[in-house]
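The opening residue of the sequence shown carries number 1408 in this note's numbering; numbering runs sequentially from there.
Backbone N, C-alpha and C define an ideal beta-carbon position, used for all residues, glycine too.
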Amino acid sequence: MSSALQNWWPWRTHTMVIAASVVILGLIAATATLNQPTTSAALKIRGADISFTLQEENNNQSLTDNGQAAPIETILAQHGANYARLRIWVNPPKGTSDLDSALTLARRAHAAGLHILLDLHYSDSWADRTSQQTPAAWQRLTGADLRNTVQTYTRDVTAAFARQGTPADIVQIGNETTHGMLWPSGQIYKQTGEDWPGYADLVKAAIAGAKEANPAGTPLIMLHIDTGGDQEASTYYFDHIQQQGISFDLIGLTYYPFWNGPLADLQRNLNNLAGRYGKDILIAETAYPWTLSSADNTPSVVTSLEALPDAAAHPPTPQGQATYFAALNRILREVPNGHGTGYLIWEPGWLPGVPADARTGNAHTNLTLFDWWGHGLPALDAFRPTGTTTGH
């Protein structure tokens, strides 16, 4: 080998090693990038259920943010909220989740710049997976008569919001309908077996009514179940919804860590649902404690650290509550293809003094975004698009 070749060869070998190393490192980096979840810039929906507001105000409750008194819709909007969820019962006592109260709150929310989500319970009182009582006035209706009534009711309620200039952007068909709605006609799990067609027929009637109410600006349709941390149950429900040919836009989930498990379970469920159905997913209800103490002479729904699966990362303190919502925001922004659309905090202004109904007190006084004297907590910044906190 000539001296020229001898001088060239080590340089060439060194160059090839460097080049190969660069390629390998590039492949490793690319693989790591592919395995990293894509994080969307901001959640599209950030809001709260504020249905108790008029009852709170009638009880002389007031709220402050950094020392400034303001209505709840104004405070939430100033912190970045863009949605208000309004609960509507069919024929309740006046002033308790009735249509007139919801219309009043919709006007206020709209004036504050918030969009509207209607939460139709199709009951005269609370509806959830354990109770879906048919309204008293409808209890003798069955078959086509009940379906027609559901369609007409949904149309008329939805149209009432459009008529006053506060059209619903989202209509929720039933509340936590994991086991159906309007029992027994729309009950899924019966002694004789599962009746998905009976439930589906009522849902389809309700959807038709919502779309009929505002054909020029059809609201998005959301179906809502209470299985935020349960992938198997969520899949079972929405697989059957698909099989029944129900056309809807949003998957709505309830997620309370003290009932639905750790954030990791929620994350697995969200990612699976997004990939399986290709629909946007909204956490329709969530909350987290800022203390384990109770008020209102009613034990709170969560009073122990053992009930909080992620307590080490998010302790039940004002700051721990804020970090919970920041973590939830991040998880939703990492859902594949941007399908984690947002979350709604349940009744953040429900302070002591207003009971859930005539028979029960307020067991959620430690789950609000205000302390018991109405002072805003750090977690109000949960409504910012990326869930960052600026401190209070």
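#### Entry: C-alpha gap between T1440 and I1614, whole angstroms
On the sequence shown, position 33 is the one that residue 1440 refers to. On the sequence shown, position 207 is the one that residue 1614 refers to. Reliability fails at T1440, whose pLDDT of 38 lies under 50, so the model's placement of it is uncertain and the value that follows must be treated cautiously. Spanning the two alpha carbons is a distance of roughly 41 Å.
### Task
Use the C-beta contact count for E1601: other C-beta atoms within 10 angstroms, 16 or more gives buried, fewer gives exposed.
Sequence index remark: in the sequence shown, residue 1601 carries index 194 (1-based). Result: exposed.
### Query
When you compare only the Cα positions, how much space is there between A1607 and D1505?
Here residue 1607 is taken as the residue at index 200 of the sequence shown, counted from 1. Here residue 1505 is taken as the residue at index 98 of the sequence shown, counted from 1. Spanning the alpha carbons of A1607 and D1505 requires a straight line of approximately 26 Å.
### Message
Just to confirm my understanding: we take Q1638, look at its own chain, exclude 5 residues before and 5 after, and list those with CB closer than 6 Å. What are they?
### Response
On the sequence shown, residue 1638 is found 231 positions in, with the first residue counted as 1. Hits under 6 Å: R1675, N1676 and N1679.
### Query
Tell me, which residues are paired with S1538 by DSSP?
The count along the sequence shown starts at 1 and reaches residue 1538 at position 131. Listed as beta-bridge partners of S1538 by DSSP are D1535.
### Candidates A1575, G1747 and D1646, of which the one nearest P1622 by Cα
Here residue 1622 is taken as the residue at index 215 of the sequence shown, counted from 1. Minimum Cα distance to P1622 is reached at A1575.
### Query
With distances taken between CB atoms, is the gap from L1527 to I1479 smaller than 9 Å?
In the sequence shown, the residue the question calls residue 1527 occupies position 120. In the sequence shown, the residue the question calls residue 1479 occupies position 72. It is not a contact, given that the beta carbons lie outside the stated cut-off.
#### Entry: Which of helix, strand or coil DSSP assigns to W1697
Along the sequence shown, read from residue 1 onward, the residue named residue 1697 stands at position 290. Here W1697 sits in coil by DSSP.
### Message
Is the beta carbon of A1789 closer than 9 Å to that of A1733?
### Response
Position 326 of the sequence shown holds residue 1733. Position 382 of the sequence shown holds residue 1789. Contact annotation: A1733 and A1789 have beta-carbon atoms nearer than 9 Å.
### Selected residue, minimal CA-CA separation from G1487, among H1517, A1516 and G1454
As a first step, residue 1487 must be located in the sequence shown, where it is residue number 80. Closest by alpha carbon: G1454.
### Query
For A1765, which of helix, strand or coil comes out of DSSP?
The residue given as residue 1765 occupies position 358 in the sequence shown. Assigned with DSSP and collapsed to three states, A1765 falls in coil, not helix or strand.
### Query
Counting contacts by CB-CB distance shorter than 9 Å, is A1719 in contact with chain D?
Given the protein chain composition of this structure (a single chain), no chain D is represented.
### Task
Grab me the residues of T1634's own chain with a C-beta within less than 8 Å of its C-beta, minus the 5 sequence neighbours each way, in chain order.
As a position in the sequence shown, residue 1634 is number 227, starting the count at 1. When the five nearest sequence neighbours on each side are left out, the beta carbons in the same chain lying within less than 8 Å of the beta carbon of T1634 are those of T1585, A1640, S1641, Y1644, L1660, T1661, N1667 and N1676, in order along the chain.
### Query
When DSSP labels each residue in this structure, what does W1666 get in the three-state scheme?
Your numbering for residue 1666 matches position 259 in the sequence shown. W1666 falls in the helix class under three-state DSSP.
### Query
On the premise that W1753 lies in contact with T1693, defined as a C-beta separation below 8 Å, what is that separation, rounded to the nearest angstrom?
Here residue 1693 corresponds to residue number 286 of the sequence shown, with the count starting at 1. Here residue 1753 corresponds to residue number 346 of the sequence shown, with the count starting at 1. Distance from T1693 to W1753 at the Cβ level is roughly 7 Å; contact confirmed, criterion being Cβ atoms closer than 8 Å.
### Selected residue, minimal CA-CA separation from G1474, among G1783, T1793, R1791 and P1792
Here the question's residue 1474 lines up with position 67 in the sequence shown. Measuring from the Cα of G1474, the nearest candidate turns out to be G1783.
### Message
According to DSSP, Y1596 sits in a beta bridge with which residue or residues?
### Response
Here the question's residue 1596 lines up with position 189 in the sequence shown. DSSP, once it has assigned bridges, lists E1601 as partnering Y1596.
### Query
Are the beta-carbon atoms of G1749 and E1463 separated by less than 9 Å?
Locating residue 1749 in the sequence shown gives position 342, where the first residue counts as 1. Locating residue 1463 in the sequence shown gives position 56, where the first residue counts as 1. No, they are not a contact pair.
### Message
So, with DSSP's three-state summary, where would you put Q1739?
### Response
Against the sequence shown, residue 1739 aligns to sequence position 332. A small correction: the amino acid at residue 1739 is Leu; Gln does not occupy that position in the sequence shown. Helix at L1739.
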